[in-house]
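**Q** Residue numbers for the sequence shown follow my numbering, beginning at 124 and rising by one. From the three backbone atoms N, C-alpha and C, an ideal C-beta is built for every residue, glycine too. Treat the numbers as computed from the prediction; the structure is a model and nothing was measured.
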Amino acid sequence: MSDFATRADRFFALHDGYFVIPTVWDRLSALAAWQAGFSAVATSSAALGFANFYLASERMPFGQVRDRLAEIVADVPVAVSIDMENGYPEWTGDIADSIAAIIDAGVVAANLEDSDGDHAKPLVDADDHARAISRARATAERSGQRFFINARSDIFLSQPAVPERDAVEEAIRRARLYVAAGADGIYLPGRNLSDAVLDELVAAIPAPLTVLAPPRPFGHWREIGVRRVSLGTAVIRSSYAAIQGQLAAARSGLDIAPLPDIEGALRLSRSGHDAPTAPLTQ
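#1: Please report how far the alpha carbon of Ala193 lies from the alpha carbon of Arg350, in whole angstroms.
#2: Distance check for Glu292 and Glu264, CA to CA, integer angstroms please.
#3: So, is Ala294 buried or exposed, given that buried needs 16 or more other C-beta atoms within 10 angstroms?
#4: Nearest by alpha-carbon distance to Ala306: which of Leu377, Asp126, Glu346 and Arg254 is it?
#5: Sort out for me which residues DSSP pairs Ser353 with in a bridge.
#6: With DSSP as the reference, label Leu235 as helix, strand or coil.
#7: What does a CB cutoff of less than 6 Å around Val247 pick up in its chain, not counting 5 residues either side in sequence?
#8: Cα-Cα, which of Leu171, Asp190 and Ala128 is closest to Ile181?
#9: Please work out which residues of its chain come closer than 6 Å, Cβ to Cβ, to Asp198, disregarding the five sequence neighbours upstream and downstream, and give them in chain order.
#10: May I have the straight-line CA-CA distance separating Ser362 from Val143, to the nearest angstrom?
#11: Okay, do the region 261-278 and the region 215-233 touch, 3+ Cβ pairs below 8 Å being the bar?
#12: Let me check one thing: in DSSP terms, what residues is Val203 bridge-paired to?
#13: What residue does the beta strand (DSSP E) around Gly313 start on, and which one ends it?
#14: Determine the direct distance from the alpha carbon of Ala259 to that of Gly210, and round the result to whole angstroms.
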């Protein structure tokens with residue numbers, strides 16, 4: 124079995140239960156996730172952009188995105204999923220070309236969203252997004268590789284004025300349409316939905332549901348039936364805060380926190396061993 128197939132099978136299998144997926148932005152952050160016991164990671168387009176000096180509202184060129192993902196795949200033994208936004212059509216011409224490029228880079232999964240990142244604008248027409256998912260699925264099948272498509276709908280982010288009941292019904296409609304088009308999972312970030320609404324979404328959507336953390340405790344997501352929880356930009360923001368804290372302590376003449384053994388982690392990842400720990404979330 125190829126390395127791609129092994130990572131893809133691992134990624135699909137995670138969705139048989141509940142797991143948290145850490146969001147990373149480079150090889151070192153992916154290494155930290157692996158050393159913490161995570162067997163799969165995802166990029167956040169915002170986190171990747173921040174690390175390369177782009178605002179969240181700006182688009183990092185697709186070629187740069189692909190190169191960063193390829194580096195992670197090559198050097199860190201984890202399954203890698205990419206935040207594809209709407210597929211970067213302005214860079215590649217068609218979503219099929221984007222999907223082919225990331226599969227070639229060794230990426231085993233992608234989030235494909237029905238907005239262009241500007242939440243002040245209406246969502247992409249659901250039928251149009253379903254057709255894009257269908258093209259992505261066809262491309263993955265032609266590659267001969269197993270590839271997880273997580274269809275993301277921003278209905279709860281981009282339509283804050285829409286009554287919750289209407290938004291829930293539209294989320295279910297879109298999710299079912301996207302699954303029929305070839306999506307393996309559904310991602311619904313945004314709004315602090317009640318447990319009753321989440322129960323309804325889990326029951327009505329015929330695919331594993333991903334949500335964005337916080338605000339709930341991680342164990343609570345499991346009880347509701349959510350399969351996957353994304354950390355969004357939480358990791359890069361907390362990492363930035365940790366850097367600021369260390370430097371502020373040094374500047375003030377205070378002790379800094381104990382230093383991790385990064386070189387040891389690098390050596391371990393190159394040795395072919397599994398991650399050193401296995402958290403309950405994965």
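**A** Taking the coordinates as given:
#1: 26 Å
#2: 31 Å
#3: buried
#4: Arg254
#5: Ile144 and Leu335
#6: strand
#7: Asp237
#8: Before going further, note that residue 181 is Glu rather than Ile in the sequence given. Ranking Leu171, Asp190 and Ala128 by Cα distance to Glu181 puts Leu171 first.
#9: Arg150
#10: 18 Å
#11: yes
#12: Val164
#13: Gly313 -> no beta strand (DSSP E), and no H or E assigned at all.
#14: 9 Å
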